[in-house]
Each structure stands twice: as C-alpha cells, then as structure tokens.
Ligand code: HEM
Ligand SMILES: [Cu+2]
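Chains as they are written, first to last, in my numbering: chain R, 776 to 1302; chain X, 627 to 845.
Written as structure tokens, this is what we have:
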C-alpha cells in the first residue's frame, strides 16, 4: 500500500504526460475521472442504440425487424449496459473528479488502484458485448438473470457474462474502497464530517452500499457458475436447490443497487439547486440523515420485487410497509430541495433546468414506486410496462438527468470554458419532451396489462407504443446534441471564471478553471 | 498524506468487509433454508423420515382431506401417479399411499421426487415416516415401480386447516453425477423447494388446487 501514493508525490507539479500513454498509465484523479466519464458516455450511446432497436420493434404490433431471440438479447444487454456501464461508471467518474476537489485532497487515496479499477471496465464490457457474436447469442435472460433461465436454459455465452460481471464488480468495489479511504482520511484540516459537501456524503454512503452488496452479487453469479459447470444445485430444484432463492439473493443485491444509482444523484442535485437559487441548502443535516436512512432501509425491502413468488402473508405485509417507509426520507429530500428554491433568486441555466426536471420527474417515479409497493396492486402491475415506466422515471430523468446536470455544472471547471448555453437549453427541452413521450405512455399500457420483455403485443396497445417509440428516438438523438455541446466546450468557448456560478459554494470553485493537473498539494484551511 | 497508515487500516478493514459480505452471500443459502424449515414457509418439508414418538392419539371425530399431486418437471417423461388423488384421514392415524412410476423411455434413468405442502402453514404437521422422496429412483427402460408413502397428520394440526395438499414434482437427475443421497451433494442443502419454479409456486399458493392441477397439465 505504501508505494501507491508515492509516485504522485514525486511527480511534483508538472503537467500530464503526452500521448496515449498518459491515459493508460495515469494515476491522476482528474484524468481517471475523465476516462470514466467518456467511457460511460460511450456505453450510454451503445446501450441507447439497443434501446432504439427495442423501440423500433415495438413501434407497431407484430414482428417486423428482429427475431424474438434477438429482442431478448437486446433488452438484457440494454439493461446491463445502462446499469453497470453507463450510470455507475458515470458516478464513479464524477466522484474521481470532484471528491478530491471538494474535500481539499491532492488526489484519491489509492491512485494506482484507481487506474486499475477503471481499466478493468473496457475489458469487462468488450467481453460482455462480444457474447452477442457468439454461438447461441448473448445473454437473453433479462438484466435480472433469474435462474433457471440463466442456468439451465442459458445460452453457452453465459460463462462470459458471469466473468464480465465479476470484473465489473471488482472494479466497483475497488472504486468504493478508494472513495471511502479518500473521504475518511484525506479531508482538509477543519473539514468535519458535518461540513462535507453533500455529494461527498452521498458518495460515502453509496460506497458503503457497494461494499455491502457487490460481493453478494459476486456470490450469486459464482453459484450460477457452479450450477452450470460444476454440478451443484443451488438454484436447481431437481438437485435440492431453489430458484426462489436466486431471487432473494439477487434482490438482496438488487434493491440496494438501485439506491447506488440514485444517492449520488441526490448529492449532485443538492449542489445545483442551492447554487442557482442563491440560497443555502435547506436542511443540510436532515439530508445527511435521510440519505443514511434510505441506505439502511434499502436492505430490508428487497422482496418487493418478489411479491408474486408466493410469499407468506406476513412477508407481503412486512415488505409492503418497509418499502413505503422509504418514501418518507425520500420525501424529506424533495421537500428540502423545494424549500431551498422557495423565495430564492432563481436563474434557469442548463444545470438548474436538469435539476428541476430531476425533482419533478423523479418524484413521479417515486409515486409509481409507491403504487407498486402496494402488494395486492403489484399482483396486477408486476412484470408489466408499469414497472418499466416506474424504473425508467427514476433512472432516466432521475439518475441520468442528474449526471447530465452535474456535467453542465462542472464543465466550466473541467474544461476552462463555458458550454454553449443556448444549445444546453435546447438539449434540456428536447430531452424533457423525449423522456416523457417515451415513458409516460408506458404507465397506461402497463396498467392495461401489456407485459414487459415481449417483442409483440395486442392491438389495443398500438398507439401508446408508437408514441413511446417516437419519444425514444427523440430522446436518443437529443443526446447526440449533448455530445456536440461537450466537444464544443472542450475545444473552446467563452473563458470560464474560477467560480462561474454566482451562488456556488465549495472548495472546487477556489481552484483555477480549468482545474490545474495538480490541486491542493497544500491542503486548504477550512473554518 | 505523509502518513500512509490510515489508508492501510481503512483499506484492510474494507477488504475484510468485502470478503465477509462475499461469504455472507453464501451463508444466506443455508440461512434461507433454516428459515424456511423453522417457519415452514415456502411449503418446505423435512427431507428426513419422521421418527415416531409413541402416544399419538387418533382423533376419531376429525377428518382431514389429504390431496396428492404428481407433477413431472419440464424434461421428465416418466408417468407418475398416485393411487388416489385425495383421501380422508383421522389425525394421528398411520396411512399408506402407493405411487407408481413408469419409465417409458429407451434409457435407464434416475429420478428424484421433490415434495411440497400447501398451505405452507400445514407443512410441519404432515409427518412422513417413510417416503420415496427420501431416495432416488432408478428404472430400466420400460420398467415400472410402486413406491410407498407412510404418513400421519399430526393431531395438533390447527383447526382451520381441513385440507392438506402434498405435491410431488419428479425430476430427471440422470445426467447429474450418480450419488447416493441428495443431501450429500455439494451445493445442496437439506430441505426441498416448494415447486419446480417460482411461477408455479406462486400459482399453487394463490389459486385453488384444482386450478393448479389444470395449469400443471393435470393427470
Ligand atoms: C419511493 C421509492 C421507491 C419505491 C417505493 C419503489 C418500489 C418498487 C417496487 C415495488 C418495484 C417492483 C415492481 C415489480 O416488479 O412488480 C420496483 C421496481 C424497480 N425499481 Fe423501484 N421503487 C422506488 C424507487 C426506486 C429508485 C430510486 C430506483 C432507481 C434509481 C428504482 C429502480 C427500480 C427498478 C430498476 C425496478 C425494476 C427492477 C426489474 O424488475 O427489472 N426504484 N420499485
Ligand atoms: Cu427495489
């Protein structure tokens, strides 16, 4: 461990190395953050293309474009890539860039491990994507890979799927260890825990969630591997195992996982809203406690994904009420953001637009979550498009909007240039319309009974599906505009001040724009 | 920063926590089973013979209906039947039921029957002193066999339960390694699952047994 941070110290204050080796060997938190963010964007586009394959097929009833087998591979890969390839790495990228800047540390605690945890990812996803070309096709059992679909009935490529998920897990765990060590040990003198910016707080809690549940995921896929290749029967009823056990284990990981994808988003929004309201965040301490209680509660609600497997009545009730309980701390957060805006001198730059979009649409997702949490109702809603609508509302205008908002917010700090505000506004409005056109109708077709993960559907669902498909293409292509805006901002543009946003607070705005390659070699003092 | 020790302790704690959670994941497997065993949830029933304690008073005034379902798993082609679909017993009375299997295929096969009781609340009151499900069945092509179940209904059975359903699912386990006892195989654990898959489990608990029968293909 000793030598891990030494090279950084010896480098002193010169700039980055030149050429491609800069990126391969880099141990600089800003470089690695940038790598993570670009990687995540690439995955976002690849996963997005798969989503558009799905939406094209669903444009009309009947089978037009793809075979059902391939359709299943698309839904599976889309989910896996968006969750593990787009959303999670994007947050890790933001953490790498911003946490050292926010706590006044010169770098992450373990820079070499940082390099490794990033560079595992391209290999993991190359392996995952390569399964699409293998005999029998790629994973086709849904991103939740329920056994026995993913064991007894899986395509041969499932082994590669297992290994790539193992690699992603190892990468996330290393990232989490790094984040925790940085936050706990490297804060500038005077920065007590309750003075930490909320993005740091939410990431600290997220990192603990990662440490707690990624190993369980690793355990589940190891059991799958053993069932498939070594003759065990963890999930095979014929040998004394139990497929329902798979679901318990998966969702023990899975539900905290969805909070892994949203807690850092809460942090980002808690920075942007006060900045553009020119007020302090309302209820800082309650935000911290709400985040912590959401994280704790997330361990006792997993079976709300399994209401229909035949839980005993007591189980149905317990998981129903515990799930509803989560809405309380979540509500506290929404309340705090709104109170922050209340009577503020609000201006609507792009980051703020995305943040407000987040608050409104995420809340809709929370409400549909509450509907799903009502166990008797869930018997009707389960495995329909209503669930699809729910989780896309919390993940797309939730997690993804917050990432985009964060990117606009910190782009001036990263690049030293202001992004094109006019195009940013266009990007927001196109995304906003696209997202709602895509996912709002799914509530209706879901309530009307359209099952999810099916390439064909009954005629009465046709109109709403067509609307959703049009919305999907609109949203998808709007993201190319985002790509253009980012590239344009990297290349040039109006010079950004050190603190480009009038109401912004925090150490990251005390360093120059663009942030120098090395910052806070001398820790700042905080009082 | 000069002092690397804080990182060292933090990181080693976190690595330990990670390994601990990995093990915990595996620990959940037996825990799940013990939990289901104790609570009788999931219709799990014991996979060892009930050891008779004397002093069962037969309750002549009460009658309990016991239904038998015989299902075969997806790829299992054996014919599997109970001699009666449903019988009435007095609690405490020792009852024998015979099941028959035929292997209509052209190869020697091994089968394992996996039991499940509904309602799950009643699982612990169905006491099997002898059951073919405690063993595996091996049959030559075309061969058939009678199999015995000996059971009692515990007189303690709660009053509101008047019907118990014992469902067996027969699995083809010829391809898995030849082993003497299911409980000794790696990765398995004592106790049996409720049914062949989650869909079926939920159905059997949610809807009447007659419907379950129809859904399962009946016999
Ligand atoms: C108030 C908060 C929430 C409640 C009460 C809630 C409740 C639920 C319930 C009951 C389900 C299961 C529906 C079914 O399968 O029948 C579900 C599914 C899901 N939720 Fe939530 N949820 C909440 C917030 C979130 C958040 C914040 C995220 C992620 C950022 C999320 C992501 C998901 C996902 C991905 C699924 C679907 C998993 C799948 O089957 O593929 N939820 N939610
Ligand atoms: Cu959940």
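Where a beta carbon is used, it is the ideal one built from N, C-alpha and C, also for glycine.
Computed from a predicted model, the values in this text were never measured in an experiment.
Practice task
Report the residue ranges of all alpha helix (DSSP H) runs contained in full by the segment 855 to 919 of chain R; include only those spanning at least 4 residues, in chain order.
Solution key: Those alpha helix (DSSP H) runs which fall completely within the segment 855 to 919 of chain R and span 4+ residues are 863 to 878, 886 to 905.
Handout entry: CA nearest to the CA of residue 731 of chain R, picked from R:1080, R:1123, R:1053, R:1040
Key = Outside the modelled stretch of chain R, which goes from 776 to 1302, sits residue 731 of chain R, for which no answer is possible.
Problem - Candidates R:1118, R:1242, R:883, R:1091: closest to residue 960 of chain R by CA position - result: Distance from the Cα of residue 960 of chain R is smallest, within the candidate group R:1118, R:1242, R:883, R:1091, for R:883.
Problem - Cα-Cα separation, residue 1235 of chain R to residue 836 of chain R - result: Taking the CA atoms as reference points, residue 1235 of chain R sits about 9 Å from residue 836 of chain R.
Problem - Partners in chain X for residue 870 of chain R, counting only beta-carbon separations shorter than 9 Å - result: Using a Cβ-Cβ cut-off of 9 Å, residue 870 of chain R is close to nothing in chain X; its nearest Cβ partner there is about 15 Å away.
Problem - Reduced DSSP secondary structure (H/G/I, E/B, other) of residue 809 of chain X - result: Residue confidence for residue 809 of chain X is low, a pLDDT of 37 falling below 50, so the modelled location carries little weight and cannot support an answer.
Exercise for the section: Give the DSSP-derived three-state secondary structure of residue 949 of chain R in the structure shown. Expected result: In the structure shown, residue 949 of chain R sits in a helix (DSSP, three-state: H, G or I).
Problem - Heavy atoms of ligand 1 versus C-beta positions, residues under 6 Å - result: Result (chain order): R:919, R:1033, R:1036, R:1037, R:1079, R:1080, R:1098, R:1101, R:1102, R:1105, R:1141, R:1144, R:1145, R:1147, R:1148, R:1153, R:1156, R:1157, R:1162, R:1165, R:1166, R:1169, R:1170, R:1173, R:1174.
Practice task
Identify the continuous beta strand (DSSP E) that holds residue 1263 of chain R and give its terminal residues.
Solution key: For residue 1263 of chain R, no beta strand (DSSP E) run applies; the uninterrupted alpha helix (DSSP H) run containing it begins and ends at 1237 to 1266, by DSSP.
Problem - chain X residues whose Cβ lies nearer than 8 Å to that of residue 955 of chain R - result: 636, 640, listed in chain order.
Problem - CB contact below 7 Å: residue 986 of chain R versus chain X - result: Closer than 7 Å: yes.
Handout entry: For residue 1183 of chain R and residue 1008 of chain R, the rounded distance between their alpha carbons
Key = One C-alpha to the other measures close to 50 Å.
Handout entry: As assigned by DSSP and simplified to three states, the class of residue 738 of chain X
Key = Note: residue 738 of chain X maps to strand in three-state DSSP.
Practice task
Under 6 Å Cβ to Cβ from residue 900 of chain R, same chain only, skipping five residues before and after it: list those, please.
Solution key: Correct list, in chain order: 860.
Exercise for the section: Determine the contact status of residue 1148 of chain R and residue 1098 of chain R, defining contact as a CB-CB distance below 7 Å. Expected result: Yes; because the gap between Cβ atoms is below 7 Å, this pair is in contact.
Handout entry: Best match in R:1150, R:1100, R:1125, R:1083 for proximity to residue 1092 of chain R [C-alpha to C-alpha]
Key = When only C-alpha atoms are compared, the closest one is R:1150.
Exercise for the section: Taking residue 830 of chain R as part of the alpha helix (DSSP H), name the residues at either end of that continuous run. Expected result: Annotation: the continuous alpha helix (DSSP H) that includes residue 830 of chain R extends over 804 to 832.
Practice task
For residue 636 of chain X, count neighbouring Cβ atoms within 10 angstroms of its own Cβ and tell me buried if that reaches 16, exposed if not.
Solution key: Residue 636 of chain X should be labelled buried.
Practice task
Assess, as a yes-or-no matter, whether the segment 767 to 786 of chain X is touched by the segment 718 to 735 of chain X under the definition of 3 or more beta carbon pairs within less than 8 Å.
Solution key: Under the Cβ criterion (8 Å, minimum of three pairs), the segment 718 to 735 of chain X counts as touching the segment 767 to 786 of chain X.
Practice task
State the CB to CB distance for the pair residue 1129 of chain R and residue 1179 of chain R, rounded to an integer number of angstroms; the pair is presumed to be in contact (CB under 8 Å).
Solution key: Confirmed, about 5 Å.
Problem - Inter-residue spacing [alpha-carbon to alpha-carbon] between residue 869 of chain R and residue 1274 of chain R - result: Within the model, the alpha-carbon separation for residue 869 of chain R versus residue 1274 of chain R is close to 18 Å.
Practice task
Under 7 Å between beta-carbons, which chain X residues line up against residue 884 of chain R? List them in chain order, please.
Solution key: Within chain X, the residues near residue 884 of chain R are 633.
Practice task
Return helix, strand or coil for residue 989 of chain R, following the three-state DSSP convention.
Solution key: Under the three-state reduction of DSSP output, residue 989 of chain R falls in the helix class.
Problem - Own chain residues within Cβ distance below 6 Å of residue 1288 of chain R, not counting five before or after - result: Taken in chain order, the residues that qualify are 1187, 1188, 1191, 1271, 1273.
Handout entry: residue 714 of chain X beta carbon less than 7 Å from that of residue 691 of chain X
Key = Cβ distance < 7 Å, so residue 691 of chain X and residue 714 of chain X count as in contact.
Handout entry: Contacts around residue 922 of chain R, its chain only, beta-carbon distance under 6 Å, and the 5 residues preceding and following it disregarded
Key = These residues qualify, in order along the chain: 1010, 1018, 1021.
Exercise for the section: Could you tell me if the beta carbon of residue 1218 of chain R falls within a distance shorter than 6 Å of some heavy atom in ligand 2? Expected result: Residue 1218 of chain R Cβ: outside cutoff for every heavy atom of ligand 2.
Exercise for the section: Look at the alpha carbon of residue 1233 of chain R and the alpha carbon of residue 1225 of chain R, and state the distance between them as a whole number of angstroms. Expected result: Each residue's Cα considered, the two are about 8 Å apart.
Problem - Short-range partners of chain R found in the segment 741 to 754 of chain X, where Cβ spacing is below 7 Å - result: Per Cβ criterion, the list reads 746.
Exercise for the section: Determine whether the Cβ of residue 697 of chain X lies closer than 7 Å to any Cβ atom of chain R. Expected result: For residue 697 of chain X, not one C-beta of chain R is nearer than 7 Å to its own C-beta.
Practice task
Confirm the yes/no value for this check: CB of residue 1023 of chain R, any heavy atom of ligand 2, distance under 6 Å.
Solution key: The nearest non-hydrogen atom of ligand 2 is 6 Å or more from the C-beta of residue 1023 of chain R.
Handout entry: Residue-level contact to chain X via CB, residue 1296 of chain R, 7 Å cutoff
Key = Not closer than 7 Å to any Cβ of chain X, the Cβ of residue 1296 of chain R fails to qualify, so no.
Problem - Distance CB(residue 1300 of chain R)-CB(residue 965 of chain R) smaller than 7 Å - result: Yes; because the gap between Cβ atoms is below 7 Å, this pair is in contact.
Handout entry: Beta-bridge partners of residue 714 of chain X, as assigned by DSSP
Key = According to DSSP, which records beta bridges pairwise, residue 714 of chain X is partnered with X:691.
Exercise for the section: Indicate, with yes or no, if ligand 2 has a heavy atom lying under 6 Å from the CB of residue 716 of chain X. Expected result: Outside the cutoff, so no.
Exercise for the section: Say yes only if the C-beta of residue 1202 of chain R is nearer than 6 Å to one or more non-hydrogen atoms of ligand 2, and no if none qualify. Expected result: Answer for residue 1202 of chain R: no, Cβ out of range of ligand 2.
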